[in-house]
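Going down the list, the sequences are from chains A and B. Here my numbering is used: the first residue of the first sequence is 146, the next is one more, and so on. Here my numbering is used: the first residue of the second sequence is 146, the next is one more, and so on.
There are 2 protein chains.
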Amino acid sequence: MSQGITIGNVSSASGVKVPTIRYYEQIGLLPSPPRTEGNRRSYDATDLERLTFIRHSRELGFEIDEIRTLLSLQDQPNVSCEEADQIASKHLVDVKQKIASLTALQHELERMVEGCSHGRVETCKVIDILADHGKCRFHADHPPHL
Amino acid sequence: MSQGITIGNVSSASGVKVPTIRYYEQIGLLPSPPRTEGNRRSYDATDLERLTFIRHSRELGFEIDEIRTLLSLQDQPNVSCEEADQIASKHLVDVKQKIASLTALQHELERMVEGCSHGRVETCKVIDILADHGKCRFHADHPPHL
DNA sequence: CGTACATCCTCTAGTGACTAGAGGAGCAAG
DNA sequence: CTTGCTCCTCTAGTCACTAGAGGATGTACG
Numbered sequence: 146m147s148q149g150i151t152i153g154n155v156s157s158a159s160g161v162k163v164p165t166i167r168y169y170e171q172i173g174l175l176p177s178p179p180r181t182e183g184n185r186r187s188y189d190a191t192d193l194e195r196l197t198f199i200r201h202s203r204e205l206g207f208e209i210d211e212i213r214t215l216l217s218l219q220d221q222p223n224v225s226c227e228e229a230d231q232i233a234s235k236h237l238v239d240v241k242q243k244i245a246s247l248t249a250l251q252h253e254l255e256r257m258v259e260g261c262s263h264g265r266v267e268t269c270k271v272i273d274i275l276a277d278h279g280k281c282r283f284h285a286d287h288p289p290h291l
Numbered sequence: 146m147s148q149g150i151t152i153g154n155v156s157s158a159s160g161v162k163v164p165t166i167r168y169y170e171q172i173g174l175l176p177s178p179p180r181t182e183g184n185r186r187s188y189d190a191t192d193l194e195r196l197t198f199i200r201h202s203r204e205l206g207f208e209i210d211e212i213r214t215l216l217s218l219q220d221q222p223n224v225s226c227e228e229a230d231q232i233a234s235k236h237l238v239d240v241k242q243k244i245a246s247l248t249a250l251q252h253e254l255e256r257m258v259e260g261c262s263h264g265r266v267e268t269c270k271v272i273d274i275l276a277d278h279g280k281c282r283f284h285a286d287h288p289p290h291l
């Protein structure tokens, strides 16, 4: 059926860049495909699906290790999906926290920019607020790796 | 006035970890402090302020290079604060985008988790949505390094 | 058939902002 | 005086890629 797809084609079809595909192979996220006579990687439709799955999961902010688990779950359709549910739920909690944190930050930045006198640094709210922690209403619980 | 503060004390006072302080010195974000006889770093109140400024800026999501600019602005109070204003404004735009993106993501995750049959993987929405891009309402314009 | 050019290969090293650990020296309290 | 904490330097690791060197292969056109 599926004759070989080149890495370039599987890349544009999946939206994952060529070096990233090779990287995924290197870390064992994507199986090593067979090679042609000329040593080029030769992918099939399953690989394309898998790559799309990965790209989509990455877009949704899942980490590589989480994707590894999700992929292995996908390969075993008879297993309970509790684990997948847990991963997604945990992720949802994280996302909600980040939104809350970023919303607070947004207000803080608005306060800074609106308060800016557009004059000299001496009277600038932006610098002022950053320098004096007490004047700030935003306090991150988790230092944001957002 | 200010006799030397140890790195440990300046760390707990500022909320920046000890190795991170040394790292900031290494990349030139924090000036190298004088040393004691025993070769320990000896900080003063100004360093503590600077570190607090840095930590606060990092919490607000500014990058090191942006902080470098903000710090140099702080050192020259007679300069126009336009640049600081621009940095904060640009950052505000980014933050708003991130919030929008994360909110879409949140809905997508909720859809996944709510739709989960709590049964076998075969019928699990979580896996399903990740696998089939067409069923997904969330499409990131900028792959989220959030 | 030749030649240009795109695409592919492997490999190493770099990014940002730290974090972890090894191996050793100084210092304060009991 | 010894125990244990803090400090020192240095190297290497983290995550998820990205960039570039240097070379092989495949394809389109004249």
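Glycine residues also receive a C-beta, built at the ideal position from the N, C-alpha and C atoms. No experiment lies behind these values; they were computed from the predicted model shown.
Against residue i, what residues of chain B qualify as contacts under a CB-to-CB distance less than 8 Å, listed in chain order?
{"i": "P179 (chain A)", "result": "Within chain B, no residue comes near P179 (chain A); the closest Cβ sits about 23 Å away, beyond 8 Å."}
Quick one: which chain B residues come within Cβ less than 7 Å of residue i?
{"i": "T248 (chain A)", "result": "I244"}
{"i": "V258 (chain A)", "result": "D230, A233, S234, L237"}
{"i": "V240 (chain A)", "result": "L247, L250, Q251, L254"}
{"i": "L275 (chain A)", "result": "F198, H201, S202, L215"}
Which residues does DSSP list as the beta-bridge partners of residue i?
{"i": "G159 (chain B)", "result": "The question names Gly, yet the displayed sequence has Ser at residue 159 (chain B). Note: S159 (chain B) sits in no beta bridge, so no partner."}
{"i": "I150 (chain A)", "result": "A:Y188"}
{"i": "R265 (chain B)", "result": "A:S225"}
{"i": "R180 (chain A)", "result": "A:R186"}
If you run the structure through DSSP and keep just helix, strand and coil, what is residue i?
{"i": "R213 (chain B)", "result": "helix"}
{"i": "I172 (chain A)", "result": "coil"}
{"i": "S246 (chain B)", "result": "helix"}
{"i": "D286 (chain B)", "result": "Note that D286 (chain B) scores 46 on pLDDT, short of 50, meaning its location in the model is unreliable; the coordinates nonetheless yield the value given after this. In the structure shown, D286 (chain B) sits in coil (DSSP, three-state: anything other than H, G, I, E or B)."}
{"i": "E253 (chain A)", "result": "helix"}
{"i": "F207 (chain B)", "result": "coil"}
{"i": "D273 (chain B)", "result": "helix"}
{"i": "D239 (chain A)", "result": "helix"}
{"i": "D220 (chain A)", "result": "coil"}
Counting only beta-carbon atoms, is residue i nearer than 8 Å to chain A?
{"i": "K162 (chain B)", "result": "no"}
{"i": "S217 (chain B)", "result": "no"}
{"i": "E182 (chain B)", "result": "no"}
{"i": "A158 (chain B)", "result": "no"}
Output, in chain order, the set of chain A residues within a Cβ distance shorter than 7 Å of residue i.
{"i": "V271 (chain B)", "result": "C226, A229, D230, A233"}
Contact criterion: CB-CB distance below 8 Å. Does residue i meet it with respect to chain B?
{"i": "Q148 (chain A)", "result": "no"}
{"i": "L175 (chain A)", "result": "no"}
{"i": "Q171 (chain A)", "result": "no"}
{"i": "P289 (chain A)", "result": "Summary for P289 (chain A): the model assigns pLDDT 37, below 50, so the residue's position carries little reliability; its value from the coordinates is reported in the next sentence. P289 (chain A) counts as touching chain B."}
{"i": "E255 (chain A)", "result": "yes"}
{"i": "G206 (chain A)", "result": "yes"}
{"i": "T165 (chain A)", "result": "no"}
Who are the neighbours of residue i on chain A, taking C-beta pairs under 9 Å?
{"i": "N223 (chain B)", "result": "R265, V266, E267"}
{"i": "E211 (chain B)", "result": "Simply none; closest approach about 11 Å."}
Does the pairing of the stretch 206-223 of chain B with the stretch 160-179 of chain B give three or more beta-carbon distances under 8 Å? Taking 8 Å as the limit for Cβ pairs, the verdict is that the stretch 160-179 of chain B does touch the stretch 206-223 of chain B.
Examine the Cβ distances between the stretch 217-224 of chain A and the stretch 264-278 of chain B and report whether three or more of them are shorter than 8 Å. A contact exists between the stretch 217-224 of chain A and the stretch 264-278 of chain B.
Would you call the stretch 239-252 of chain A and the stretch 241-259 of chain B touching, i.e. three or more CB-CB distances under 8 Å? Touching, yes.
When the Cβ atoms of the stretch 149-163 of chain A are set against those of the stretch 187-196 of chain A, are three or more pairs found closer than 8 Å? The stretch 149-163 of chain A makes contact with the stretch 187-196 of chain A, as at least three CB pairs between them are under 8 Å.
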